[in-house]
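Numbering (our numbering), first residue to last: 6 to 397.
Every residue, glycine too, gets a C-beta built ideally from N, C-alpha and C.
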Ligand code: GLA
C-alpha cells in the first residue's frame with residue numbers, strides 16, 4: 006500500500022476527513038555480523054533497511070487509543086485509564102509497551118487514532134517488532150513535542166519496553182540499528198558503552214541479499230532466553246578467576262587461556278561463540294575500512310559456522326540456505342542473521358549472478374526442505390522520519 010492508500014484507509018477506519026493524520030516511518034534492520042553478542046556487552050554491525058513500518062497517527066478528542074494494522078486483522082480500542090496491561094498474543098502489545106514507557110515519564114497522553122502498515126516480512130528476524138516500537142516512540146515524541154528525548158533515549162525506552170513489557174531479554178542492537186540507521190552505512194556499536202561509529206558500507210559490484218527460510222519460529226523466544234541464561238552461567242564460571250561481569254569484557258586470547266574453568270562443554274561453546282564473534286566484528290570493520298570485501302565475506306561464513314556448531318541457533322533450514330548459497334560461484338559470504346531458529350540469512354552476492362543465485366538457492370532449498378524461500382535485495386537506509394505527503 007502506498008501512502009495515499011494508507012491515508013484513505015485511515016479515513017475509512019476513523020472518519021473526520023478534515024483532519025489529516027501525521028505519517029511516520031521507521032526501518033527494519035539486518036545484522037551483517039556480531040550475532041548474540043549484544044546482550045553480552047559485545048560488538049555488532051547492523052544496518053537499517055528500506056523495508057519498515059509506516060505509522061499514521063491523529064489526536065482524538067477523548068482519551069481512547071484506537072489501533073489498527075494492515076498486517077493483522079486484530080483491531081483494538083484501548084482505554085489507558087485502566088492502566089497498560091499486556092494482552093496475551095496480540096500485536097498491540099508493541100505500541101502499548103511504548104505508551105506505557107511515555108506514561109511512566111509523567112508525559113500526558115491524549116487519545117489517538119492509529120494505523121500501522123509494515124512491509125518487513127513478519128517473524129523473519131528483521132526486527133519488525135523494534136520497527137513498530139521505534140516508529141511509535143519517534144512519532145509520540147514528535148506529536149507530543151517532547152523535545153527532551155533524543156534518538157538514543159527512544160532506543161533505550163524501546164528496549165526497556167521489549168524486556169519488561171513484552172518479556173524478551175533481547176539486547177539493544179535492534180532498536181539501535183533502527184533508530185540510528187543511515188543510508189550506505191553500517192553501525193558499529195559497542196553494546197556495553199553504546200559508543201558507535203557509522204562505517205561506510207557501499208557494495209560496488211555486489212548486492213546484499215536477504216533470504217527468508219519461511220520456517221515458523223515456534224519456541225524462538227524461550228530458546229533465546231535460554232541462551233541469555235547460558236551466557237550468564239559462563240560468566241559465573243569465569244568470574245572467580247578473572248573479575249568479569251559480562252562476556253564482552255574478555256579479549257580473545259584472555260578467554261582462550263581461561264576457557265577450561267568452564268566445566269560444562271555446552272556452556273564453554275556458547276562463550277567461545279560470543280568471544281570469537283566479537284573478534285570477527287572487529288576484523289570485519291577493519292576489512293570494510295580496507296575495502297576488502299572478500300575478507301568480510303569470509304568472516305560472515307565463519308560467523309555462521311560458529312552459530313551452528315557452538316551457539317546452536319541455526320537448524321536445518323538456515324543451514325541449508327547458507328550451504329546452498331556458499332556453493333555458488335560469486336557468493337562472497339553468507340550467514341544466518343538475527344536470533345536464529347528460523348528467520349533469514351544474509352549474503353553478499355556478485356551483481357551479475359543475482360538472478361541465478363535466487364533461482365538456484367531457491368530450487369535447492371525447496372528440494373531439501375520442502376519450504377519456499379523468499380528473497381529480498383536489501384538497500385541500506387536511514388532511520389526514523391516523518392513523511393510529509395505533499396513532498397511525495
Ligand atoms: C534478536 C535480538 C537482538 C540480538 C539478536 C541476536 O534479533 O532481538 O537483540 O540479540 O537476536 O544477535
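Exercise. Between residue 163 and the rest of its own chain, which residues show a CB-CB distance below 7 angstroms, the 5 nearest in sequence each way excluded?
Worked result: Along the chain shown, read from residue 1 onward, the residue named residue 163 stands at position 158. Excluding positions up to five away in sequence, the list reads 103, 135, 138, 139, 142, 180.
Exercise. Taking buried to mean at least 16 other C-beta atoms within 10 Å of its own C-beta, is residue 350 buried or exposed?
Worked result: Position 345 of the chain shown holds residue 350. Label assigned to residue 350: buried.
For this session: Would you mind giving the Cβ-Cβ distance between residue 49 and residue 286, rounded to the nearest angstrom? I have them listed as a contact below 8 angstroms.
Result: Here residue 49 refers to the residue found at position 44 when the chain shown is read from its first residue. Here residue 286 refers to the residue found at position 281 when the chain shown is read from its first residue. Confirmed, Cβ separation roughly 7 angstroms.
For this session: Compare the Cα-Cα distances from residue 112 to each of 150, 124, 168, 61 and report the closest residue.
Result: The count along the chain shown starts at 1 and reaches residue 112 at position 107. Selected option, being the one with the closest Cα: 150.
For this session: Could you check which residue in 386, 43, 358 has the C-alpha nearest to that of residue 280?
Result: Stepping through the chain shown from its first residue, residue 280 is reached at position 275. When each option's Cα is compared against that of residue 280, the closest is 43.
Exercise. Does the beta-carbon distance from residue 170 to residue 191 come in below 8 angstroms?
Worked result: Here the question's residue 170 lines up with position 165 in the chain shown. Here the question's residue 191 lines up with position 186 in the chain shown. No.
Problem set entry | 8 angstroms Cβ cutoff met for residue 259 and residue 277 | Counting from 1 along the chain shown, the entry for residue 259 is found at position 254. Counting from 1 along the chain shown, the entry for residue 277 is found at position 272. Against a cut-off of 8 angstroms, the Cβ pair of residue 277 and residue 259 comes out as no contact.
Problem set entry | Where residue 334 falls: helix, strand or coil (DSSP) | Residue 334 sits at position 329 when you count from the first residue of the chain shown. Of the three classes helix, strand and coil, the one that applies to residue 334 here is coil, per DSSP.
Exercise. What is the chain-ordered set of residues for which the beta carbon lies under 5 angstroms from any non-hydrogen atom of the ligand GLA?
Worked result: 40, 41, 43, 175, 176, 178, 179, 343, 344
For this session: List the endpoints of the continuous beta strand (DSSP E) containing residue 354.
Result: Start at 1 with the first residue of the chain shown, and residue 354 comes out as number 349. Here the beta strand (DSSP E) through residue 354 covers 349-355.
Problem set entry | Helix, strand or coil at residue 52 [DSSP, three-state] | As a position in the chain shown, residue 52 is number 47, starting the count at 1. Correct three-state label for residue 52: strand.
For this session: Reducing DSSP to helix, strand and coil, say where residue 341 ends up.
Result: Here residue 341 corresponds to residue number 336 of the chain shown, with the count starting at 1. Strand at residue 341.
Exercise. Which of the three DSSP states, helix, strand or coil, is assigned to residue 385?
Worked result: The residue given as residue 385 occupies position 380 in the chain shown. If DSSP states are grouped into helix, strand and coil, residue 385 belongs with the strands.
Problem set entry | Local conformation of residue 409 per DSSP, three classes | The question about residue 409 has no answer, for the chain in this structure spans 6 to 397.
Exercise. Taking all protein chains shown into account, do 16 or more other C-beta atoms lie within 10 angstroms of the C-beta of residue 120, making it buried, or fewer, making it exposed?
Worked result: Taking the chain shown and counting its residues from 1, one reaches residue 120 at position 115. Residue 120 is buried by the Cβ-count criterion.
Problem set entry | Inter-residue Cα distance where the pair is residue 199 and residue 178 | Counting from one through the chain shown, the residue named residue 199 turns up at place 194. Counting from one through the chain shown, the residue named residue 178 turns up at place 173. Rounded to whole angstroms, residue 199 to residue 178 spans 10 angstroms at the Cα level.
For this session: Spell out whether any CB of chain C is found under 8 angstroms from the CB atom of residue 286.
Result: Included in the structure is just one protein chain, with no chain C present.
Problem set entry | Cβ pair count under 8 angstroms reaching 3, the region 332-347 against the region 234-245 | no
Exercise. Between residue 389 and residue 81, which are expected to be in contact by the criterion C-beta below 8 angstroms, what is the C-beta distance as a whole number of angstroms?
Worked result: In the chain shown, counting from the first residue as 1, residue 389 sits at position 384. In the chain shown, counting from the first residue as 1, residue 81 sits at position 76. Residue 389 to residue 81, Cβ: 23 angstroms. No contact.
For this session: Can you say whether residue 391 is buried or exposed, counting buried as having 16 or more other CB atoms within 10 angstroms of its CB?
Result: What you label residue 391 is simply residue 386 of the chain shown in a count that begins at 1. Classification for residue 391: exposed.
For this session: Kindly identify the DSSP beta-bridge partner or partners of residue 380.
Result: For the purposes of this step, residue 380 is identified with residue 375 of the chain shown, where counting begins at 1. For residue 380, which the question treats as bridged, DSSP gives the partners 216.
Exercise. Using the beta-carbon count (16 or more within 10 Å), is residue 299 buried or exposed?
Worked result: Here residue 299 is taken as the residue at index 294 of the chain shown, counted from 1. Looking at its Cβ environment, which holds fewer than 16 other Cβ atoms inside 10 Å, residue 299 is exposed.
Exercise. Can you tell me whether DSSP reads residue 320 as helix, strand or coil?
Worked result: As a working mapping, residue 320 is identified with position 315 in the chain shown. In the structure shown, residue 320 sits in coil (DSSP, three-state: anything other than H, G, I, E or B).
Exercise. Can you tell me the Cα-Cα spacing of residue 65 and residue 23, whole angstroms?
Worked result: Residue 65 sits at position 60 when you count from the first residue of the chain shown. Residue 23 sits at position 18 when you count from the first residue of the chain shown. Going from the Cα of residue 65 to the Cα of residue 23 covers about 13 angstroms.
Problem set entry | Cβ separation of residue 127 and residue 76, assumed to be a contact under 8 angstroms, to the nearest whole Å | Taking the chain shown and counting its residues from 1, the one referred to as residue 127 is at position 122. Taking the chain shown and counting its residues from 1, the one referred to as residue 76 is at position 71. Yes, residue 127 and residue 76 are in contact; Cβ-Cβ is about 7 angstroms, under 8 angstroms.
Exercise. What separation, rounded to the nearest whole angstrom, lies between the Cα atoms of residue 52 and residue 186?
Worked result: In the chain shown, counting from the first residue as 1, residue 52 sits at position 47. In the chain shown, counting from the first residue as 1, residue 186 sits at position 181. Cα-Cα distance, rounded: 6 angstroms.
Problem set entry | Per DSSP, the bridge partner or partners of residue 194 | Locating residue 194 in the chain shown gives position 189, counting from the first residue. In the DSSP output, where bridge partners are listed per residue, residue 194 has 49, 201.
For this session: Determine contact between the region 329-337 and the region 358-378, defined as no fewer than three beta-carbon pairs at a distance below 8 angstroms.
Result: yes
For this session: Specify the secondary structure class of residue 29 as computed by DSSP and reduced to three states.
Result: Here residue 29 is taken as the residue at index 24 of the chain shown, counted from 1. Three-state DSSP puts residue 29 in a strand.
For this session: Within its chain, find whatever has a CB closer than 7 angstroms to the CB of residue 91; leave out the 5 residues flanking it on each side and keep chain order.
Result: Mapped onto the chain shown, residue 91 falls at position 86. Contacts found: 98, 170.
For this session: Could you say which of 247, 269, 275, 270 lies nearest to residue 262 if we only look at CA atoms?
Result: Within the chain shown, the letter at position 257 stands for residue 262. It is 247 whose Cα lies nearest to the Cα of residue 262.
Problem set entry | Other residues of its chain near residue 292: CB distance less than 6 angstroms, five sequence neighbours each side excluded | Taking the first residue of the chain shown as 1, we reach residue 292 at position 287. Here the set comprises 300, 301.
Exercise. Whose C-beta lies closer than 8 angstroms to the C-beta of residue 272 among residues of the same chain, with five residues either side of it excluded?
Worked result: Counting from 1 along the chain shown, the entry for residue 272 is found at position 267. Once the five neighbours on either side are set aside, the close Cβ partners of residue 272 are 235, 238, 239, 242.
Exercise. What do you reckon, are the CB atoms on residue 27 and residue 183 nearer than 8 angstroms?
Worked result: Start at 1 with the first residue of the chain shown, and residue 27 comes out as number 22. Start at 1 with the first residue of the chain shown, and residue 183 comes out as number 178. Between residue 27 and residue 183, the C-beta spacing is not below 8 angstroms.
Problem set entry | Helix, strand or coil at residue 89 according to DSSP, with G and I counted as helix | Against the chain shown, residue 89 aligns to sequence position 84. Residue state, collapsed to three classes: coil.
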